[in-house]
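> The structure under discussion is supplied below as structure tokens; questions concerning it will follow.
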Amino acid sequence: MTRDTDSRDASASPSERHASDGEDWHSSVRTDGSGATDSAAGADEVALDPWGSSSVADYRKLFEEFGIAEFEELLDSVPNPHYLMRRGVIFGHRDYEPVAEAMREDDAFAVLSGFMPTGDPHIGHKLVFDEIIWHQQQGGDAYGLIADLEAHSARGLSWDEIDEHSRDYILSLLALGFDPEAGTLYRQSDNREVQDLAFELGIEANYSELGSIYGFDGETDVSHMQSVVTQMADILYPQVADQPKPTVIPVGPDQDPHMRLARDLAARTRFFGVTEAYASFEANETERRLIAAAYEALDGAAARTDGERDTVRCEDVADWLREHEPAPEEARQSVVEKLDAAGKEPVRPRVRLLDRNATEDAFEALIERIEGEKRVYENHIDTFELSREAADELARQAELDHGGYGFRPPSSIYHRFMTGLTGGKMSSSIPASHISLLDDPEDGYDKVKSATTGGRETAEKQRELGGKADECPVYELYAYLLADEDDEFAKDVYDECVGGERLCGGCKEQAAELMSEFLEEHQEKRDEWEAKLDDLDIDLDSDRKRQ
Ligand code: TRP
Ligand code: SF4
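Here the numbering used here is used: the first residue of the sequence shown is 314, the next is one more, and so on.
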């Protein structure tokens, strides 16, 4: 390998990015400024806009502002995590625990993601393809869909363009390892079940809500709004096509507004709500926590020497709370009022099933199904011998038996956006910024060779100070793609770079060669699949040619 710094690269580290010195190697691929404390004006405004520009300057804000959780915290609970998980490229999630649990327990789960066929699939899309395929290999029911209705309405593509690009997305997904026999491929425009589900889900959302989530206004066309409910239906489709199950949607963080809405809509269709309670009255979660603390203290004290227990009554709990004054003040006052009103009623932990949208038949059927002691009220049932999970399962069954969906809230995982090869964001509309999966291997080679790096002005400086791998799009190529499964290789590139042993000329040469090999192999596999495409259960020639 040549060991001199390519002087063309010396320039460039995009100004909004910051070194994250001292971070461990795991987070070293985070070249997005996640270690930043400040940033260029406007550049790190956190806006999650599915149809806007998809660059995120500060991923940490997503945790604080939107409640996206850090993936790293549950990495240990994921069996054989994918390298994108190990390297922190998949950085966040919403409610992924049930999916990880299903993988551990060999239970059913699903994975689904969708692609707008607006251009060539590129190496940024490969991340999502890989995520789908990996979950499929871990035993998940896998779905890959073409968001052609969205591309037509939100991006104005013609059906001819859509047909061409759809084929390309499907071929790359297959070439990377998606198993179409075990999984499902579909186009939104062709999937009647999805469209029907979209219609039903549309009943649960109204115009003002879509307006405030997506910034729609009076000029927004109706089909664009329809593409939103279609995406909601995509996300929940695996649970309708089969049975309710944990489902993960791998996407970029720009899609998070869709995830939040999908989770809301899924909950709104549910027949029953399940909560915990201590007495006949309703209490919110904070109030319940206060009762729990008091009850635990009092119940412990209530154990008598003869093995019996004194009954703890609502008024005792009220007294305890008045005496001990646990925070928060407001909740304590309101719950003390409720407890006083309940007076001598014994406090007993219970699981409560609330009737939200249930039919009368479903409500009756649920009562029948509950074993052990129960109390039936006008709009809820209290059960005394069921765990919350068991109650949840019964409620779901009663719902399914009576025409409901029984949805579990869908989960998501979020990956970092790749930096463009020219610095800034990777964009389909700037060919030099990305490598298309359809690029000639030589073009891919050339694009890597002329990419921006995190190198120093001169070879001497690079040897002395080391390169800035954290700010280097070429390092990202290694970590996100070229090193594949080989963590040690990725780590070596990193260590050699920051240690000043690796210089950009040789480093890019190696990356360029690996890239052209990857493209060549990928395109061979695409060709093999091309021949088999007609046998697959997906129609790649749209009937909708009028527009
Ligand atoms: N809106 C997504 C995009 O812009 C495409 C999409 C449609 C999608 N339906 C989906 C993504 C369901 C994930 C899940 O790329
Ligand atoms: Fe240069 Fe390679 Fe280091 Fe990037 S990773 S700065 S290309 S040596």
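Here a beta-carbon is modelled for each residue, glycine too, at the ideal position from N, C-alpha and C. Please read these numbers as outputs of a predicted model, since none were measured by experiment.
To the nearest angstrom, report how far apart Glu598 and Gly812 are at their CA atoms.
Reading the sequence shown from its first residue, position 285 is the one you call residue 598. Reading the sequence shown from its first residue, position 499 is the one you call residue 812. Distance between the alpha carbons of Glu598 and Gly812: 52 angstroms.
> CA-CA distance, Ser390 and Gln450?
Position 77 of the sequence shown, counting from 1, holds the residue named residue 390. Position 137 of the sequence shown, counting from 1, holds the residue named residue 450. Going by the C-alpha atoms only, they are around 17 angstroms apart.
> Given 6 angstroms as the limit, tell me if Gly779 has its C-beta closer than that to any heavy atom belonging to the ligand SF4.
Position 466 of the sequence shown, counted from the start, is the residue given in the question as residue 779. For the ligand SF4, not one heavy atom lies less than 6 angstroms from the Cβ of Gly779.
> Under 8 angstroms by Cβ, that's how I've got Arg500 and Ile743 pegged, so tell me the actual separation to the nearest angstrom.
On the sequence shown, position 187 is the one that residue 500 refers to. On the sequence shown, position 430 is the one that residue 743 refers to. The Cβ separation is near 27 angstroms, so there is no contact.
> Check whether the Cβ of Gly813 lies closer than 6 angstroms to any heavy atom of the ligand NAD, and answer yes or no.
The ligand NAD is not among the ligands present in this structure, which contains only the ligand TRP and the ligand SF4.
> Using a Cβ-Cβ cut-off of 7 angstroms (strictly less than) and excluding sequence neighbours within five positions of Pro754, which residues of its own chain qualify?
To locate residue 754, count along the sequence shown from 1; it is residue 441. Excluding positions up to five away in sequence, the list reads Ser829, Leu832 and Glu833.
> Determine, using beta carbons only, whether Gly767 and Glu789 come nearer to each other than 7 angstroms.
Working through the sequence shown from its first residue, we reach residue 767 at position 454. Working through the sequence shown from its first residue, we reach residue 789 at position 476. No. Outside cutoff.
> Leaving out five residues on either side along the sequence, give the residues of the same chain with a beta carbon under 8 angstroms from the beta carbon of Asp530.
Within the sequence shown, numbered from 1, the residue matching residue 530 stands at position 217. Gly524.
> Are there any heavy atoms of the ligand SF4 lying less than 6 angstroms away from the beta-carbon of Ala796, as far as the coordinates show?
Counted from its first residue, the sequence shown places residue 796 at position 483. No - the ligand SF4 has no heavy atom lying nearer than 6 angstroms to the Cβ of Ala796.
> Indicate whether Pro392 and Met429 have their beta-carbon atoms separated by less than 7 angstroms.
Sequence index remark: in the sequence shown, residue 392 carries index 79 (1-based). Sequence index remark: in the sequence shown, residue 429 carries index 116 (1-based). No; because the gap between Cβ atoms is not below 7 angstroms, this pair is not in contact.
> Could I get the ranges of all uninterrupted beta strand (DSSP E) runs contained in the region 433 to 499, with 3 residues as the minimum, in chain order?
Taking only runs of at least 3 residues, the beta strand (DSSP E) segments lying wholly in the region 433 to 499 are 454 to 459.
> I want to know whether the region 717 to 728 touches the region 542 to 558 - three or more CB-CB distances under 8 angstroms.
Segments in contact, yes.
> Under the rule that 16 or more other beta-carbon atoms within 10 Å means buried, what is Ala616, buried or exposed?
On the sequence shown, residue 616 is found 303 positions in, with the first residue counted as 1. Exposed: under 16 other Cβ atoms inside 10 Å.
> Indicate, with yes or no, if the ligand SF4 has a heavy atom lying under 6 angstroms from the CB of Gly767.
In the sequence shown, residue 767 corresponds to position 454, counting from 1. Yes, the beta carbon of Gly767 sits closer than 6 angstroms to at least one heavy atom of the ligand SF4.
> Could you please give me the residues that DSSP links to Ile562 through a beta bridge?
Here the question's residue 562 lines up with position 249 in the sequence shown. Its beta-bridge partners are Ser725.
> I'd like to confirm something about Ile548: is its beta-carbon nearer than 6 angstroms to some heavy atom of the ligand TRP, or not?
Taking the sequence shown and counting its residues from 1, the one referred to as residue 548 is at position 235. Yes - the ligand TRP has a heavy atom lying nearer than 6 angstroms to the Cβ of Ile548.
> Across the region 619 to 639 and the region 556 to 563, are there enough close Cβ pairs to call them in contact, namely three or more that are closer than 8 angstroms?
Taking 8 angstroms as the limit for Cβ pairs, the verdict is that the region 556 to 563 does not touch the region 619 to 639.
> How close, in whole Å, do the beta carbons of Leu699 and Gly586 come, if the pair is a contact with beta carbons under 8 angstroms?
Translated into positions along the sequence shown, residue 699 becomes position 386. Translated into positions along the sequence shown, residue 586 becomes position 273. No, Leu699 and Gly586 are not in contact; Cβ-Cβ is about 15 angstroms, not under 8 angstroms.
> I need the straight-line Cα distance from Glu589 to Ile604, nearest angstrom please.
Position 276 of the sequence shown, counted from the first residue, corresponds to residue 589. Position 291 of the sequence shown, counted from the first residue, corresponds to residue 604. Distance between the alpha carbons of Glu589 and Ile604 is about 11 angstroms.
> In this structure, what does DSSP give as the bridge partners for Glu517?
One-based indexing of the sequence shown puts residue 517 at position 204. DSSP, once it has assigned bridges, lists no residue as partnering Glu517.
> Taking Tyr758 and Ala825 to be in contact with their CB atoms under 8 angstroms, please state how far apart those CB atoms are, rounded to whole angstroms.
The residue given as residue 758 occupies position 445 in the sequence shown. The residue given as residue 825 occupies position 512 in the sequence shown. That belief holds up - the Cβ atoms of Tyr758 and Ala825 are roughly 4 angstroms apart, short of 8 angstroms.
> Grab me the residues of Glu686's own chain with a C-beta within less than 8 angstroms of its C-beta, minus the 5 sequence neighbours each way, in chain order.
Position 373 of the sequence shown, counted from the start, is the residue given in the question as residue 686. So the qualifying residues of the chain are Thr696, Phe697 and Glu698.
> For Ile694, which three-state DSSP category applies?
For the purposes of this step, residue 694 is taken as residue 381 along the sequence shown, with counting starting at 1. Strand at Ile694.
> Suppose the cutoff is 7 angstroms on Cβ atoms and the five residues either side in sequence are ignored; what does the same chain contact list for Ala644 look like?
The residue you call residue 644 lines up with position 331 of the sequence shown. Taken in chain order, the residues that qualify are Thr599, Glu600 and Leu603.
> What is the residue span of the alpha helix (DSSP H) that Asp759 lies within?
As a first step, residue 759 must be located in the sequence shown, where it is residue number 446. Here the alpha helix (DSSP H) through Asp759 covers Pro754 to Lys762.
> Grab me the residues of Asp714's own chain with a C-beta within less than 7 angstroms of its C-beta, minus the 5 sequence neighbours each way, in chain order.
As a working mapping, residue 714 is identified with position 401 in the sequence shown. Closer than 7 angstroms at the Cβ level, and outside the excluded window around Asp714, lie Ala678.
> Could you pull the start and end residues of the alpha helix (DSSP H) that Ala894 belongs to?
The structure shown does not extend to residue 894, since the chain spans only 314 to 860, so no value can be given for it.
> Can you look up Val507 in the DSSP assignment and give me helix, strand or coil?
To locate residue 507, count along the sequence shown from 1; it is residue 194. Helix at Val507.
> Alpha carbon to alpha carbon, how far is Lys845 from Thr765? Give it in angstroms, no decimals.
The residue you call residue 765 lines up with position 452 of the sequence shown. The residue you call residue 845 lines up with position 532 of the sequence shown. Near 39 angstroms, if we compare the C-alpha coordinates of Lys845 and Thr765.
> Give me the Cα-Cα distance between Gly380 and Leu388, rounded to the nearest whole angstrom.
The residue you call residue 380 lines up with position 67 of the sequence shown. The residue you call residue 388 lines up with position 75 of the sequence shown. Near 18 angstroms, if we compare the C-alpha coordinates of Leu388 and Gly380.
> Looking at the structure shown, is Asp612 part of a helix, part of a strand, or coil, going by DSSP?
Along the sequence shown, one-based indexing puts residue 612 at 299. DSSP places Asp612 in helix when its eight states are reduced to three.
> Do you know offhand how far Ile403's Cα is from Gly620's?
The sequence position of residue 403 within the sequence shown is 90, counting from 1. The sequence position of residue 620 within the sequence shown is 307, counting from 1. Answer to the nearest angstrom: the Cα atoms are 53 angstroms apart.
> Could you give the DSSP three-state label for Gly819: helix, strand or coil?
Locating residue 819 in the sequence shown gives position 506, counting from the first residue. The answer is helix: DSSP assigns Gly819 an H, G or I state.
> Could you name the residues that DSSP lists as bridge partners for Phe585?
Taking the sequence shown and counting its residues from 1, the one referred to as residue 585 is at position 272. Per DSSP, Asp668.
> So, helix, strand or coil for His835, using DSSP?
Within the sequence shown, residue 835 is the residue found at index 522, counting from 1. Reduced to three states, the DSSP call for His835 is helix.
> In whole angstroms, what is the alpha-carbon distance linking Asp473 and Glu773?
Mapped onto the sequence shown, residue 473 falls at position 160. Mapped onto the sequence shown, residue 773 falls at position 460. So the alpha carbons of these two residues sit roughly 54 angstroms apart.
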